[in-house]
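What follows is a short report on a single structure.
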Amino acid sequence: RLIDSGIKGPESVKDITRASVLGIIVTGVMRVLLFLAILGVVAGGVTLAGDNIAADAFQAAAGEIGVRLFGIVLWAAGLTSVIGASYTSITFITSQRTSAITRNLLTVAFVVVGAVLYLTLNQAPQTLLIFAGAINGLILPIGFTVVLWVAWRRRDLLHGYHYPRWLAIVGTVAWMLTIYLGWNSLAGIAELWG
Numbered sequence: 002r003l004i005d006s007g008i009k010g011p012e013s014v015k016d017i018t019r020a021s022v023l024g025i026i027v028t029g030v031m032r033v034l035l036f037l038a039i040l041g042v043v044a045g046g047v048t049l050a051g052d053n054i055a056a057d058a059f060q061a062a063a064g065e066i067g068v069r070l071f072g073i074v075l076w077a078a079g080l081t082s083v084i085g086a087s088y089t090s091i092t093f094i095t096s097q098r099t100s101a102i103t104r105n106l107l108t109v110a111f112v113v114v115g116a117v118l119y120l121t122l123n124q125a126p127q128t129l130l131i132f133a134g135a136i137n138g139l140i141l142p143i144g145f146t147v148v149l150w151v152a153w154r155r156r157d158l159l160h161g162y163h164y165p166r167w168l169a170i171v172g173t174v175a176w177m178l179t180i181y182l183g184w185n186s187l188a189g190i191a192e193l194w195g
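The following block contains the structure:
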């Protein structure tokens with residue numbers, strides 16, 4: 002998405018770094034706040050059901066309004082995730098020359114096909130999410146491999162930018178971890194469809 006918006010090159014490293022760090026911080030803060038909210042509800046003596054703990058916590062804290070607010074937040078998070086994942090998937094089969102209208106139509110078609118498959122397979126969303134997570138566990142090491150290959154072997158593609166050696170080493174260690182975790186994400190995936 003950054004490349005599509007024209008943010009690229011060594012001169013944009015500071016902006017890209019700032020945006021990614023800010024995204025990580027916001028995500029981390031939101032997760033901590035959600036944890037603290039649920040902890041506060043449980044510490045107050047509420048027993049949460051096992052099937053939807055977060056919704057139960059919101060309901061215990063704010064009643065029916067809490068459940069509705071939780072539903073809106075969950076819907077917005079799901080919608081942005083579906084659109085983002087669909088857009089990203091479409092970028093793998095299109096090029097820079099593909100028009101924005103075509104890319105948008107393909108993204109909508111991808112969402113529609115996904116919805117039809119969901120309804121046809123008649124699987125619980127939880128099962129599909131676990132399956133998607135397992136597949137994503139494979140995509141990360143593959144993409145990471147390309148980034149590390151460029152950082153270590155094809156610095157000419159970076160137009161003069163050089164990753165610090167320590168960062169490339171930490172990246173390599175993280176890459177090995179993603180390979181291990183990606184392999185483990187496949188364990189038991191056949192049981193989901195049994």
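2 is the number of the first residue of the sequence shown in my numbering; add one for each residue after it. Don't be surprised by glycine CBs; every beta carbon is placed ideally from N, CA and C. Just so it is clear, the structure is predicted and the values come from calculations on it, not from any experiment.
Presumed contact (8 Å Cβ cut-off) between residue i and residue j, rounded CB distance
i, j, result
"L49", "V43", "7 Å"
"G183", "A152", "That pair is no contact at about 20 Å."
"T108", "S82", "Not really, about 13 Å apart at Cβ, beyond 8 Å."
"I198", "F132", "Residue 198 lies beyond the range of the chain shown here (2 to 195); nothing can be said about it."
"L70", "A78", "The Cβ separation is near 13 Å, so there is no contact."
"S186", "G115", "Rounded, the Cβ-Cβ distance is 20 Å, inconsistent with contact."
For residue j and residue i, the rounded distance between their alpha carbons
i, j, result
"T103", "F93", "14 Å"
"G10", "G24", "20 Å"
"T18", "G46", "43 Å"
"A56", "L40", "13 Å"
"F136", "Y162", "The sequence shown places Ile at residue 136, rather than the Phe named in the question. Cα-Cα distance, rounded: 32 Å."
"F146", "V113", "Reading off the sequence shown, one finds Thr at residue 146, where the question assumed Phe. The straight-line gap from Cα to Cα measures roughly 31 Å."
"L106", "W167", "42 Å"
"I8", "Q60", "42 Å"
"G169", "A175", "The amino acid at residue 169 is misidentified as Gly; the sequence shows Ala. Their Cα atoms are separated by approximately 10 Å."
"A38", "M31", "10 Å"
"G72", "V27", "20 Å"
"Y119", "R156", "43 Å"
"L122", "I84", "21 Å"
"A148", "L141", "Ala is not the amino acid found at residue 148; the sequence shown has Val there. Taking the straight line from one Cα to the other gives about 11 Å."
"G138", "T89", "16 Å"
"G144", "D16", "21 Å"
"R154", "S100", "33 Å"
"M177", "A58", "37 Å"
"I54", "L75", "13 Å"
"E65", "L130", "27 Å"
"H160", "V22", "23 Å"
"L80", "G67", "20 Å"
"P165", "A20", "19 Å"
"G29", "F36", "11 Å"
Span of the alpha helix (DSSP H) around residue i
i, result
"T60", "According to the sequence shown, residue 60 is Gln rather than Thr. I54 to T92 is the span of the alpha helix (DSSP H), which, as asked, contains Q60."
"I8", "Neither: I8 is in no alpha helix (DSSP H) and is coded neither H nor E."
"R32", "V14 to A44"
Just to confirm the assignment: which complete beta strand (DSSP E) runs, minimum length 3, are found wholly within the stretch 118–190? You should have found no qualifying run.
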